[in-house]
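Chains as they are written, first to last, in this note's numbering: chain A, 1 to 136; chain B, 137 to 346.
From the three backbone atoms N, C-alpha and C, an ideal C-beta is built for every residue, glycine too.
Notes to accompany the following structure.
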Amino acid sequence: MADRALVGVVLVSHSREVAESVARLAVALAGGGETAPVTAAGGTPDGDLGTSSELIADAVRRADRGAGVVVVADLGSAVLTVRAMLAEDGELPRDTRLADAPVVEGAVAALVGASAGADLASVVAAAEDAYRFRKL
Amino acid sequence: MAHRDAGFVRRWLTEAARAVERDADRLTELDSAIGDADHGNNMRRGALAVVAALEKEPRTTPGAVLLLAGRTLVSTVGGASGPLYGTLLRRAGKALGDAERVADTELRDALRGGADAVAQLGGAAPGDKTMLDAVRPAVEALPDYAAAGAAAARGAADTVPLRARKGRASYLGERSVGHMDPGAASAALLFGALARVAAAEAAAGGVSDG
């Protein structure tokens, strides 16, 4: 593993359980020892289903070690909220990217790449490549 | 040509919040037909938060009022309407900059820019059965505020026969036909409120010419 800072991965879902479970799954599948930082922003602060810009901003900050952060989001308001935040200056760290990726496969691919020391663009590409994991 | 100040925009958004409060159950009913039955609650939560924010942090320019309202919607709504309406208002606010009074045509241009940003954010085209089907015709009818309110209501009604191509309703395919889009319905409330506030201001003779 490289000595430099690792890219962080953030899971955004309508559901806290989904975001946290996928984060745990990604850590387990990324395997073997330390992984890159991965945080979850699921549901609303009250624990309801939905999307919270506050939780997203907090999760991105916690995953940010200076090498950038890749966000993987499920659908609807999760995607739109991240995109609306990225469109405004100062709401998220400058090196935050939303990956156009499926949640589970994208999160695993991103975390494996990030944990191996890949740079921001490569982690985004790894997550987005996950659309090509054909199952049939 | 009339000019509008921060008070006008604040009255608009306050009136819109009232309309949302009044129609929240109807919005939720529309959303339970083709969505996830949260639009009324989400919009009510956002509207209350906007009114509270504008009282707590008074703003002195139309642009700043819109920016604060937009930011509040993004952070409080919890559904897709938060970033969408938030982007509409925030982008419009940004376009108006820090002018203390803006011409009606400037407000129209700013809202048109906001609608463009919404289209870019959500990727919706006209006829996709979204809020834009009410927002676009309203913006194009400005600076005639009464016409804008009527155009938004007509735009919302015209979403009934459309097939949804965006959001959760799009998963329903043909079964989304026959229902009004909840986002278009709430957009009609927003522009209906704008028309009422402009009419009240005209009736009070409070419009300053410039």
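beta-carbon residue i near the ligand PLP non-hydrogen atom, thresh 7 angstroms
i, result
"A:Leu-98", "Of ligands this structure carries none, so the ligand PLP is not represented either."
Minimum Cβ-Cβ distance from residue i to chain A less than 8 angstroms
i, result
"B:Arg-158", "no"
"B:Ser-211", "yes"
"B:Gly-249", "no"
"B:Leu-257", "yes"
"B:Gly-215", "yes"
"B:Leu-326", "no"
"B:Arg-304", "yes"
Where the alpha helix (DSSP H) containing residue i begins and where it ends
i, result
"B:Ser-306", "That residue, B:Ser-306, is in no alpha helix (DSSP H); it is neither H nor E in DSSP."
"B:Leu-257", "240 to 258"
"A:Gly-113", "103 to 115"
"A:Leu-92", "Per DSSP, A:Leu-92 belongs to no alpha helix (DSSP H) and is neither H nor E."
"A:Thr-39", "Per DSSP, A:Thr-39 belongs to no alpha helix (DSSP H); it is in the beta strand (DSSP E), 38 to 42."
"B:Pro-279", "Counting along the chain, B:Pro-279 falls outside any alpha helix (DSSP H), and DSSP gives it neither H nor E."
"A:Leu-136", "A:Leu-136 -> no alpha helix (DSSP H), and no H or E assigned at all."
"A:Arg-62", "53 to 63"
"B:Lys-230", "217 to 232"
"B:Ala-335", "318 to 339"
"A:Glu-20", "16 to 30"
"A:Ser-122", "120 to 129"
Bounding residues of the beta strand (DSSP E) (the contiguous stretch that carries residue i)
i, result
"B:Thr-196", "No beta strand (DSSP E) holds B:Thr-196; DSSP gives it neither H nor E."
"A:Ser-13", "8 to 13"
"A:Arg-4", "Element bounds for A:Arg-4: n/a, residue is neither H nor E."
"A:Val-70", "69 to 73"
"B:Arg-140", "138 to 140"
Pair within 8 angstroms by beta-carbon distance, residue i and residue j
i, j, result
"A:Thr-81", "B:Pro-219", "yes"
"A:Thr-44", "B:Gly-214", "yes"
"B:Ala-288", "B:Gly-328", "yes"
"A:Val-38", "A:Ala-63", "yes"
"A:Ala-40", "A:Ala-59", "yes"
"B:Gly-171", "B:Arg-304", "yes"
"A:Asp-95", "A:Leu-120", "yes"
"A:Gly-42", "A:Val-7", "no"
"B:Ala-169", "B:His-315", "yes"
"B:Thr-212", "B:Leu-257", "no"
C-beta neighbour in chain B for residue i, strict 8 angstroms
i, result
"A:Met-1", "Interpretation of A:Met-1 is limited by its pLDDT of 47, a score under 50 that renders its predicted location unreliable; the figure taken from the coordinates is listed afterwards. No, A:Met-1 lies away from the interface with chain B (no Cβ there is under 8 angstroms from its Cβ)."
| said: Please list, in chain order, the residues of the segment 54 to 83 of chain A that have any C-beta partner in chain B closer than 8 angstroms. | reply: Those would be Glu-54, Gly-76, Ser-77, Leu-80, Thr-81 and Arg-83, in chain order.
| chain A contacts made by the segment 260 to 278 of chain B, where a contact means CB separation under 9 angstroms | Taking 9 angstroms as the Cβ-Cβ cut-off against chain A, none of the residues of the segment 260 to 278 of chain B qualify.
| field | Proximal residues, the segment 30 to 56 of chain A versus chain B, C-beta separation under 8 angstroms | value | Listed by position along the chain: Thr-44, Asp-48, Gly-50, Thr-51, Ser-52, Ser-53 and Glu-54.
| Between the segment 218 to 231 of chain B and chain A, which residues of the former have a C-beta closer than 8 angstroms to a C-beta of the latter? | Near chain A, meaning a CB-to-CB distance below 8 angstroms, the residues of the segment 218 to 231 of chain B are Gly-218, Pro-219, Leu-220, Gly-222, Thr-223 and Arg-226.
| Within the chosen definition, does the segment 243 to 256 of chain B reach the segment 66 to 75 of chain A through at least 3 CB pairs nearer than 8 angstroms? | Flag = no, the segment 243 to 256 of chain B and the segment 66 to 75 of chain A do not touch.
| message | Measuring CB atoms only, is the segment 22 to 33 of chain A touching the segment 180 to 189 of chain B, in the sense that at least three cross pairs come out at less than 8 angstroms? | response | Contact between the segment 22 to 33 of chain A and the segment 180 to 189 of chain B is not established, with fewer than three Cβ pairs separated by less than 8 angstroms.
| said: Within 8 angstroms, do at least three Cβ pairs link the segment 160 to 172 of chain B to the segment 126 to 134 of chain A? | reply: When Cβ pairs closer than 8 angstroms are counted between the two stretches, the segment 126 to 134 of chain A is seen not to touch the segment 160 to 172 of chain B, the count staying below three.
| message | Could you check whether the segment 99 to 112 of chain A touches the segment 138 to 156 of chain B, counting it as contact only if at least three pairs of C-beta atoms, one from each stretch, sit closer than 8 angstroms? | response | Taking a contact to require three or more Cβ pairs closer than 8 angstroms, the segment 99 to 112 of chain A and the segment 138 to 156 of chain B do not qualify as touching.
| field | Contact the segment 249 to 265 of chain B vs the segment 223 to 238 of chain B: 3+ CB pairs below 8 angstroms | value | By the criterion of at least three beta-carbon pairs nearer than 8 angstroms, the segment 249 to 265 of chain B is in contact with the segment 223 to 238 of chain B.
| said: For the segment 293 to 300 of chain B against the segment 327 to 341 of chain B, do three or more pairs of beta-carbon atoms, one drawn from each stretch, fall closer than 8 angstroms, so that the two count as touching? | reply: No, the segment 293 to 300 of chain B is not in contact with the segment 327 to 341 of chain B.
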